[in-house]
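Student: Quick note, the sequence shown lines up with residues 92 to 367 if you use our numbering. Provided herewith is a single structure, encoded as structure tokens, for subsequent inquiry.
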Amino acid sequence: MSQRLEVIEFGAPPPVWPSLRMEAERAAKAEPALASLLNAVVLSHEDLGAALSYQLARKLGDQELRAMSLRELADAAYRNQPELVDTAEADLRAVFERDPACKGYVQPFLFFKGFQALQTQRVAHWLWHQGRETIALYLQSRMSEVFQVDIHPATKIGSGVFIDHGTGIVIGETAVIGDDVSLLQGVTLGGTGAEQGDRHPKIGKGVLLGAGAKVLGNIVIGDYAKIASGSVVLKPVPPGCTAAGVPARLVNCPTCEEPARSMDHTLAEAVYDYVI
Numbered sequence: 092m093s094q095r096l097e098v099i100e101f102g103a104p105p106p107v108w109p110s111l112r113m114e115a116e117r118a119a120k121a122e123p124a125l126a127s128l129l130n131a132v133v134l135s136h137e138d139l140g141a142a143l144s145y146q147l148a149r150k151l152g153d154q155e156l157r158a159m160s161l162r163e164l165a166d167a168a169y170r171n172q173p174e175l176v177d178t179a180e181a182d183l184r185a186v187f188e189r190d191p192a193c194k195g196y197v198q199p200f201l202f203f204k205g206f207q208a209l210q211t212q213r214v215a216h217w218l219w220h221q222g223r224e225t226i227a228l229y230l231q232s233r234m235s236e237v238f239q240v241d242i243h244p245a246t247k248i249g250s251g252v253f254i255d256h257g258t259g260i261v262i263g264e265t266a267v268i269g270d271d272v273s274l275l276q277g278v279t280l281g282g283t284g285a286e287q288g289d290r291h292p293k294i295g296k297g298v299l300l301g302a303g304a305k306v307l308g309n310i311v312i313g314d315y316a317k318i319a320s321g322s323v324v325l326k327p328v329p330p331g332c333t334a335a336g337v338p339a340r341l342v343n344c345p346t347c348e349e350p351a352r353s354m355d356h357t358l359a360e361a362v363y364d365y366v367i
């Protein structure tokens, strides 16, 4: 599909599941070699949850945990916690709205490993809280092997999260990520290596984390803050501010509105002369 999906009236994004099916039908006609794939992954299912469980099983199944068993795990998660499907829908919308290379929903659903890794973590998170820590950690391992994204099952992640590219993202056990956050490749939300217990960052709503950004320790990045690419952040960042550099310094407060949605990575010319 060469053009982005048209936005329906009042600027609302197109509905996810009907649009996903429509795109899959068009793609199957345009690329007959992929028709069987599109039918198996999308067109043969009645709803987004069923299609997503099939897709995750297809991607992650291996000799130890067969695809059918993995699909049953995902189905159980979606059946017992239906809001996981709503969250996946919000994540798909986030990709479509924030990635200019994304022409619709079928692309991230089939091919974007950031989206797929995030949905894997969400299933693993459900398993973790069912007391099934070993199999949750197994899914984390498979996620890392298949998608090059390593997110601990215990990590708390909000909805409408966009992981762009995905490669090299590492997020620790006690990290918390708010709604509508955007992360690019190479982001680390880690510990300092000297702490026990609650030791990872807390990322507020609408935060933009640029490529290669490292946020370390049990610190708070305030709502709608921006962390510039390549920065190393060791201290809290106030809401609406930008942190840049090694070590990170504050740049323009406030920063642009809703940086995670606009994906605006630009920095102000003036940098304050104090280290955060």
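Even glycine gets a Cβ: it sits at the ideal position worked out from N, Cα and C.
Taking the DSSP output, what are the residues bridged to D241?
Tutor: Stepping through the sequence shown from its first residue, residue 241 is reached at position 150. The partner list for D241 (beta bridge, DSSP) reads V261.
Student: Helix, strand or coil for R340 per DSSP?
Tutor: The sequence position of residue 340 within the sequence shown is 249, counting from 1. DSSP places R340 in strand when its eight states are reduced to three.
Student: Just to confirm, is the Cβ distance from I51 to P292 under 8 Å?
Tutor: Nothing in the structure corresponds to residue 51, since the chain is present only between 92 and 367.
Student: Should H356 and S320 be called a contact, given that it needs their Cβ atoms to be closer than 8 Å?
Tutor: For the purposes of this step, residue 356 is taken as the residue at position 265 of the sequence shown. For the purposes of this step, residue 320 is taken as the residue at position 229 of the sequence shown. Yes, the Cβ-Cβ distance between H356 and S320 is below 8 Å.
Student: V278 and G249: beta carbons closer than 8 Å?
Tutor: As a first step, residue 278 must be located in the sequence shown, where it is residue number 187. As a first step, residue 249 must be located in the sequence shown, where it is residue number 158. It is not a contact, given that the beta carbons lie outside the stated cut-off.
Student: For the region 149-159 against the region 182-199, are there 3 or more C-beta pairs whose distance is under 8 Å?
Tutor: Result no; under three Cβ-Cβ pairs closer than 8 Å.
Student: If you count every other CB in all the chains shown that lies within 10 Å of the CB of E122, and 16 or more means buried, which is it?
Tutor: If you number the sequence shown from 1, residue 122 lands on position 31. The residue in question, E122, is exposed, as its Cβ has fewer than 16 Cβ neighbours within 10 Å.
Student: Check L161 in the structure and name its three-state DSSP category.
Tutor: On the sequence shown, position 70 is the one that residue 161 refers to. DSSP places L161 in helix when its eight states are reduced to three.
Student: Verify whether the separation of the beta carbon atoms of G257 and Q239 is less than 8 Å.
Tutor: Position 166 of the sequence shown, counted from the start, is the residue given in the question as residue 257. Position 148 of the sequence shown, counted from the start, is the residue given in the question as residue 239. Yes, the pair counts as a contact, with Cβ atoms nearer than the cut-off.
Student: Just how far apart, CA to CA, sit V362 and A302?
Tutor: What you label residue 362 is simply residue 271 of the sequence shown in a count that begins at 1. What you label residue 302 is simply residue 211 of the sequence shown in a count that begins at 1. Summary for V362: the model assigns pLDDT 48, below 50, so the residue's position carries little reliability, and this model does not support an answer.
Student: Is the region 209-217 close to the region 123-142, with three or more CB pairs under 8 Å?
Tutor: No, because fewer than three Cβ pairs between the region 209-217 and the region 123-142 fall closer than 8 Å, the two stretches do not touch.
Student: Using the Cα positions of G205 and V197, report the straight-line distance between them to the nearest angstrom.
Tutor: Locating residue 205 in the sequence shown gives position 114, where the first residue counts as 1. Locating residue 197 in the sequence shown gives position 106, where the first residue counts as 1. Each residue's Cα considered, the two are about 14 Å apart.
Student: Under 8 Å, do C347 and P329 count as touching if we go by C-beta distance?
Tutor: Locating residue 347 in the sequence shown gives position 256, counting from the first residue. Locating residue 329 in the sequence shown gives position 238, counting from the first residue. Contact flag unset, no.
Student: Could you give the distance in angstroms between the alpha-carbon of S232 and the alpha-carbon of H243?
Tutor: Here residue 232 refers to the residue found at position 141 when the sequence shown is read from its first residue. Here residue 243 refers to the residue found at position 152 when the sequence shown is read from its first residue. Taking the straight line joining both Cα atoms gives about 9 Å.
Student: Considering Cα atoms alone, identify which of Y145, G295, V337 and V176 is closest to A304.
Tutor: On the sequence shown, residue 304 is found 213 positions in, with the first residue counted as 1. Answer by Cα proximity: V337.
Student: Tell me I310's beta-bridge partners as DSSP assigns them.
Tutor: On the sequence shown, position 219 is the one that residue 310 refers to. Note: I310 sits in no beta bridge, so no partner.
Student: Where G269 and A124 are concerned, what is the direct C-alpha to C-alpha distance, given to the nearest angstrom?
Tutor: Your numbering for residue 269 matches position 178 in the sequence shown. Your numbering for residue 124 matches position 33 in the sequence shown. Roughly 40 Å between the two C-alpha positions.
Student: Please classify H216 as buried or exposed, where buried requires at least 16 neighbouring CB atoms within 10 angstroms.
Tutor: Locating residue 216 in the sequence shown gives position 125, counting from the first residue. It counts as buried.
Student: Just to confirm, is the Cβ distance from T333 to L307 under 8 Å?
Tutor: Looking up residue 333 in the sequence shown gives position 242. Looking up residue 307 in the sequence shown gives position 216. A distance of 8 Å or more separates the beta carbons of T333 and L307.
Student: Given this structure, state the Cα-to-Cα distance separating L275 from E114, to the nearest angstrom.
Tutor: Within the sequence shown, residue 275 is the residue found at index 184, counting from 1. Within the sequence shown, residue 114 is the residue found at index 23, counting from 1. In this structure, the alpha-carbon of L275 lies about 26 Å from that of E114.
Student: Tell me whether the beta-carbon of L175 lies closer than 8 Å to the beta-carbon of Y169.
Tutor: As a position in the sequence shown, residue 175 is number 84, starting the count at 1. As a position in the sequence shown, residue 169 is number 78, starting the count at 1. Contact flag set, yes.
Student: Within 10 angstroms of the Cβ of Y365, are there 16 or more other Cβ atoms? Answer buried if so, exposed if not.
Tutor: The residue given as residue 365 occupies position 274 in the sequence shown. Per-residue confidence for Y365 stands at a pLDDT of 44, beneath the threshold of 50, marking its modelled position as unreliable; the derived number appears in the next sentence. By the neighbour-count rule (16 or more Cβ atoms within 10 Å), Y365 is not buried but exposed.
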